[in-house]
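A.B. asks: In the numbering used here, the protein residues as written are 1 to 347.
1) For the candidate residues 208, 144 and 162, whose alpha-carbon lies nearest to that of residue 202?
2) What's the gap between the Cα of residue 332 and the Cα of residue 134?
3) Could you tell me how far apart the beta carbons of residue 178 and residue 187 are, in whole angstroms, since I believe they sit closer than 8 Å?
4) Identify the residues that DSSP records as bridge partners of residue 28: which are they?
5) Residue 156: which of 41, 33, 255 and 138 sits nearest, CA to CA?
6) Going by Cα to Cα distance, which pick from 224, 204 and 197 is closest to residue 210?
7) Apart from the five residues just before and just after residue 349, which ones in its own chain have a Cβ nearer than 6 Å to its Cβ?
8) Please name the residue or residues paired with residue 188 in a DSSP beta bridge.
9) Tell me the residue span of the alpha helix (DSSP H) that contains residue 260.
10) My understanding is that residue 150 touches residue 171, with C-beta atoms under 8 Å, so please give their C-beta distance in whole angstroms.
11) If we ignore side chains and look at the alpha-carbon of each, how far apart do residue 312 and residue 131 end up?
12) Please classify residue 251 as buried or exposed, where buried requires at least 16 neighbouring CB atoms within 10 angstroms.
13) Tell me which same chain residues have a C-beta within less than 8 Å of the C-beta of residue 237, skipping the five on either side of it?
14) Along the chain, where does the alpha helix (DSSP H) that runs through residue 302 open and close?
15) Take residue 36 as the anchor and find which of 296, 180 and 10 has the nearest alpha-carbon.
16) In its own chain, which residues sit with a C-beta less than 7 Å from the C-beta of residue 44, not counting the 5 before and 5 after it?
17) Near residue 83, which residues of its chain fall below 7 Å by C-beta distance, leaving aside the five closest residues on each side in sequence?
18) Under the DSSP definition of a beta bridge, which residues are partnered with residue 236?
19) Starting from residue 273, follow the beta strand (DSSP E) in both directions and report where the run begins and ends.
20) By Cβ distance below 6 Å, which residues in the same chain neighbour residue 233 in space, the five residues on each side in sequence not counted?
21) Helix, strand or coil, according to DSSP, for residue 149 in the structure here?
22) The alpha helix (DSSP H) spanning residue 287 covers which residue range?
23) Taking only the alpha-carbon atoms, compute the straight-line gap between residue 342 and residue 18 and give it to the nearest angstrom.
See the structure below:
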């Protein structure tokens, strides 16, 4: 008599069938798929549970999902979802990273070890006035504050500024000859080799050409640059240091929610799991969130995962583990989360 497949084997087979089904089944595969469903009632139940998670892949940016789901040939669009959906979408990456990682039938893709997003990735800097700057990987700024003005030089890369209000002391970001002047607002500036991109996420900013003549000067006045409100985007094409007419080189548009989410997606902290054990992930989440994740059963500590997951979403992480691995998730009053295998009579 053939032994019943284990829960792990069913989960692995389910993941593989979902990947195949998503890219399209051949005639032979369709027959095999129907036979697999009919062979065990647990197969259909596992498929229904997993399909709900799979549907969340519509919310994953392709660059994030691709390392995990290398077998999936049809990419889906993240940008029709809202930001609230992001945590669940990242959970789907974790789930299918786990399934593909543990399935002997699925092709394996090389993964890097678990990495903290902080040292090599985006980081947050607090300026002396209390304003916050989130710097993307490779970004560099110089703070040049005076009694009359708070100026920050964006030397290279991308940064998001959340400015402390002080009308008497304007906040100015300079990148080449382009100045972005704000009082109390939030905006993103990306200084690329061939241009500058400014996106306002809150309040208003004024764009200024730093070469504009001072009031009372006999020099010909420079063309006025526009002010931007929340949702407005200004793109300057060309090397920021080049002495050209900024007004003619600027393209201003209004970004919708989808475009804003896409532009700011680099700010979301992601853990690259790379085969990390659950014990390692528990320690990583504690460092990132300050909340303990206790593994009540020693065997859980050795579970390993591939893919990526948001470093600040311990709730989504544990909820997904409870759903896909059939675990009890207990929340203590002090914020500690306990994971344990379900007892047979609680299933």
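A virtual CB, placed ideally from N, CA and C, is assigned to each residue, including glycine. As the structure is a computational prediction, the values presented were derived from the model and not from experiment.
C.D. replies: From the atom records:
1) Of the residues 208, 144 and 162, the one whose Cα lies closest to the Cα of residue 202 is 162.
2) Residue 332 and residue 134 have their C-alpha atoms spaced approximately 33 Å apart.
3) About 13 Å separates the two Cβ atoms, so there is no contact after all.
4) According to DSSP, residue 28 bridges with nothing at all.
5) 138
6) 224
7) Residue 349 cannot be examined here, being either before or after the span of the chain that is shown, 1 to 347.
8) 160 and 199
9) 257–263
10) 5 Å
11) 22 Å
12) That one is exposed.
13) 194, 195, 249 and 251
14) Looking at the DSSP string, residue 302 is not in any alpha helix (DSSP H), and its letter there is neither H nor E.
15) 10
16) Taking C-beta separations shorter than 7 Å and ignoring five residues to either side along the sequence, the partners of residue 44 in its chain run 37, following chain order.
17) At residue 83, the pLDDT of 34 sits below 50, so the modelled position is not reliable; the number obtained from the coordinates is stated separately. If we look at residue 83 and ignore the five residues flanking it on each side, its Cβ neighbours are 261.
18) 196 and 250
19) For residue 273, no beta strand (DSSP E) segment is defined, and its DSSP state is neither H nor E.
20) 199, 253 and 255
21) coil
22) 278–289
23) So the two alpha carbons sit approximately 26 Å from each other.
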